[in-house]
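Comments concern the structure below.
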Amino acid sequence: MEWYEALALLLGSILVLMAIGMPVALAFLAANIIGAWVFMGGERGVSALLNNGFGSLTKFALVPIPLFLLMGEVFFYTGLGARMFNAIDRLLGKLPGRLSYVTVLGGTGFSTLSGSSMGSTALLGSLMVPEMINRGYKKHMSIGPILGTGGLAIIIPPSALAVLLATLAQIDVGALLIAGIIPGLILAGFYIGLIWLQTRIDPDAAPAYEVEPMEFGEKMKLLLRDVVPMLSVMVIIVAMMVGGIVTPSEAAAFGALGVIILAIIFRCLTWEAMKKSIVGALKVTLMAYLIVFGSATFSQLLAFSGASRGLIRWATGFDLDPILMLMVMFGVLLLLGMFMEQISMMLLTVPVFFPLAINLGFDPIWFGLIMLLSLEISFTTPPFGLLLFVMKGVAPPGTTMRDIYTAAFPYMGCALLLVILLVIFPQLALWLPGL
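Just so we're on the same page, the numbering used here is the position in the sequence shown counted from 1, plus 868.
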């Protein structure tokens, strides 16, 4: 069988099974069993493939996923996230577009602690949008910043999706997590600049209003009590990873423990909150592990059937400039993002794109970050970007999908601008991991 026939059989099986409503992980598993039967000699091949798949779940690199998820769930369910937002809101005082800035600053802080785009968007949407609408903010000023900062959770550590991508691509988990810090902060800066520009062009989009003035000492007390302790958890675990003191798995354990200790100190850790946090983290972890199992066996089948080798030969045979090939891969990811959720995209593209990127001479950590950014943009890509529907679920009555699409586009533009910067200046991503 030719390589393109093998590729068509494997990908076609997955897409058909997903189209009839089968869960992503099970669709991959079923397609892998079909492929193993065809390419690896029937029952014996299926048995060997399943054994290899179970071996992929024993990797130490997977440990950060449940711990980062638990860290975010505890932060959300104990109310520590809402506490930090309220503090930032009061600290900014009377500033045009104040609540939009609060969303970006607080959302960036929450993203660093949660690692969950959907959790971040749900919290921000339910917490901030009703207040902003009551204050007379136009919809693009209330919804847009939330969609933008929700996506920041993908690239700013700790990111469960980054850990999953690094595991699937077999690259250094810690390096990919650290690589997202500087680009993530730059992107947050772009969002702040965009809000400033929007308030300058249309002051009525985010009208100023009177707030109770605070003394400097009161502000410092609020900052040190409700903001610094939360952010210090992220700063400490990232600093320990950068310094080589701990592995990503150990950093994740310290992070989860740190948030639990904070919840105890602030007396907001209840049995109910802990139960919800553990159940929420467990659900996503099980799904992620099934996905790793399916992806590992899928990658082996692509190699065994000759599909990945043939595809790389075909793609590099055009003698295109590597940047053009990067644009093609980025475009494919954005196109897939219009119709698929991010984990499905990773499963389909990582086994093909990463060998191709390495063959083209791209640094795998840099390419991993580019891929994470494409996933972030696709989170808000119409018509089916996942965060668009999360936002619709928590937005006030009367908010249409068109309102949400319109609000998302400027923030997608900021993320695309960051991708261009990373292509021109790769050291923005590679400097910290290089330390």
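Glycine included, each C-beta is placed from N, C-alpha and C at the ideal position.
Keep in mind that this is a model prediction, so the values were computed, not measured.
Assuming residue i contacts residue j under a Cβ cut-off of 8 Å, what Cβ separation, rounded to an integer in Å, is found between them?
{"i": "SER893", "j": "LEU1158", "result": "Checking the sequence, you will find Ala at residue 893 rather than Ser. ALA893 to LEU1158, Cβ: 4 Å. Contact."}
{"i": "ILE1023", "j": "LEU1241", "result": "6 Å"}
{"i": "LEU1243", "j": "MET1213", "result": "7 Å"}
{"i": "ALA874", "j": "GLY1174", "result": "6 Å"}
{"i": "VAL914", "j": "ALA898", "result": "Actually they are not in contact, since the Cβ atoms of VAL914 and ALA898 sit about 11 Å apart, beyond 8 Å."}
{"i": "LEU1285", "j": "PHE928", "result": "Between PHE928 and LEU1285 the Cβ distance is about 37 Å, and since that is not below 8 Å, they are no contact."}
{"i": "ASN919", "j": "ALA1164", "result": "ASN919 to ALA1164, Cβ: 11 Å. No contact."}
In its own chain, which residues sit with a C-beta less than 7 Å from the C-beta of residue i, not counting the 5 before and 5 after it?
{"i": "MET1259", "result": "THR989, GLY993, ILE1011, ILE1014, LEU1015, ILE1272"}
{"i": "LEU1303", "result": "VAL1110"}
{"i": "ILE1001", "result": "SER1010, PRO1264"}
{"i": "PRO1097", "result": "LEU1130"}
{"i": "LEU925", "result": "TYR1157, VAL1160, PHE1161"}
{"i": "GLY1178", "result": "TRP871, TYR872"}
Buried or exposed, going by whether 16 or more other CB atoms sit within 10 Å of the CB of residue i?
{"i": "VAL1147", "result": "exposed"}
{"i": "PHE896", "result": "buried"}
{"i": "ALA1056", "result": "buried"}
{"i": "GLN1295", "result": "exposed"}
{"i": "LYS1007", "result": "buried"}
{"i": "THR1035", "result": "buried"}
{"i": "ALA1124", "result": "buried"}
{"i": "ASN900", "result": "buried"}
{"i": "PRO1278", "result": "buried"}
{"i": "GLU870", "result": "exposed"}
{"i": "ALA1149", "result": "buried"}
{"i": "ILE1292", "result": "exposed"}
{"i": "VAL1218", "result": "buried"}
{"i": "PHE1198", "result": "buried"}
{"i": "THR1249", "result": "buried"}
{"i": "LEU1256", "result": "buried"}
{"i": "PHE1221", "result": "buried"}
{"i": "ILE1191", "result": "exposed"}
{"i": "GLU941", "result": "buried"}
{"i": "VAL1152", "result": "buried"}
{"i": "VAL847", "result": "This structure does not reach residue 847, given that the chain is present from 869 up to 1303, and the question cannot be answered."}
{"i": "PRO1223", "result": "buried"}
{"i": "ASP1070", "result": "exposed"}
{"i": "VAL884", "result": "exposed"}
{"i": "THR1268", "result": "exposed"}
What residue range does the alpha helix (DSSP H) around residue i cover?
{"i": "MET1280", "result": "1269-1292"}
{"i": "VAL1041", "result": "1041-1047"}
{"i": "MET1102", "result": "1096-1110"}
{"i": "THR1017", "result": "1007-1023"}
{"i": "LEU885", "result": "871-887"}
{"i": "ARG1135", "result": "Counting along the chain, ARG1135 falls outside any alpha helix (DSSP H), and DSSP gives it neither H nor E."}
{"i": "PRO1081", "result": "Taken as a continuous stretch (DSSP letters only), PRO1081 belongs to no alpha helix (DSSP H), as it is neither H nor E."}
{"i": "ASP957", "result": "948-960"}
{"i": "GLY965", "result": "Counting along the chain, GLY965 falls outside any alpha helix (DSSP H), and DSSP gives it neither H nor E."}
{"i": "PHE837", "result": "Residue 837 is absent from the structure shown; the chain starts at 869 and stops at 1303."}
{"i": "MET1193", "result": "1190-1205"}
{"i": "ALA1037", "result": "1028-1037"}
{"i": "ALA1297", "result": "1295-1302"}
{"i": "VAL914", "result": "911-924"}
{"i": "ILE1245", "result": "1232-1247"}
So, at 8 Å on beta carbons, what are the nonlocal neighbours of residue i in its own chain, with the 5 sequence-adjacent residues on each side left out?
{"i": "ILE1233", "result": "ILE1039, ASP1040, ALA1043, LEU1044, ALA1047, ALA1297, LEU1298, PRO1301"}
{"i": "ALA1073", "result": "GLY965, TYR1005, LYS1006, HIS1008, MET1009, GLN1066, THR1067"}
Near residue i, what residues of its chain come up, given a Cβ to Cβ distance below 6 Å and the 5 sequence neighbours on each side ignored?
{"i": "VAL1114", "result": "MET1108"}
{"i": "GLY1004", "result": "PRO1075"}
{"i": "LEU935", "result": "ALA1120, ALA1121, ALA1124"}
{"i": "VAL1031", "result": "PRO932, ILE933, VAL1041"}
{"i": "ILE1105", "result": "ALA1119, PHE1122, GLY1123"}
{"i": "PHE1235", "result": "ALA1225"}
{"i": "MET886", "result": "ALA895"}
{"i": "ALA1276", "result": "LEU1015, THR1248"}
{"i": "VAL1287", "result": "LEU1241"}
{"i": "LEU1204", "result": "MET1213"}
{"i": "MET939", "result": "GLY1123, ALA1124, VAL1127"}
Shorter than 7 Å, the distance from the beta carbon of residue i to the closest heavy atom of the ligand GDP, or not?
{"i": "TYR1059", "result": "In the structure shown, the ligand GDP is absent, as is every other ligand, since no ligand is present at all."}
Fill in: Sufficient close CB pairs (3 or more, under 8 Å) joining the stretch 1137-1155 to the stretch 949-967
no
Fill in: Segment contact flag, the stretch 1056-1072 with the stretch 960-976, C-beta cutoff 8 Å, min 3 pairs
yes
Discussion item. Check whether the stretch 928-948 and the stretch 960-967 touch, using three or more Cβ-Cβ pairs below 8 Å as the test.
Written reply: no
Discussion item. For the stretch 869-882 against the stretch 1164-1179, do three or more pairs of beta-carbon atoms, one drawn from each stretch, fall closer than 8 Å, so that the two count as touching?
Written reply: yes
Fill in: Touching by the beta-carbon criterion (3+ pairs, under 8 Å), the stretch 1090-1101 and the stretch 1123-1132
yes
Worksheet item: Any chance the stretch 1112-1123 sits against the stretch 1017-1031, with 3 or more Cβ pairs inside 8 Å?
Response: yes
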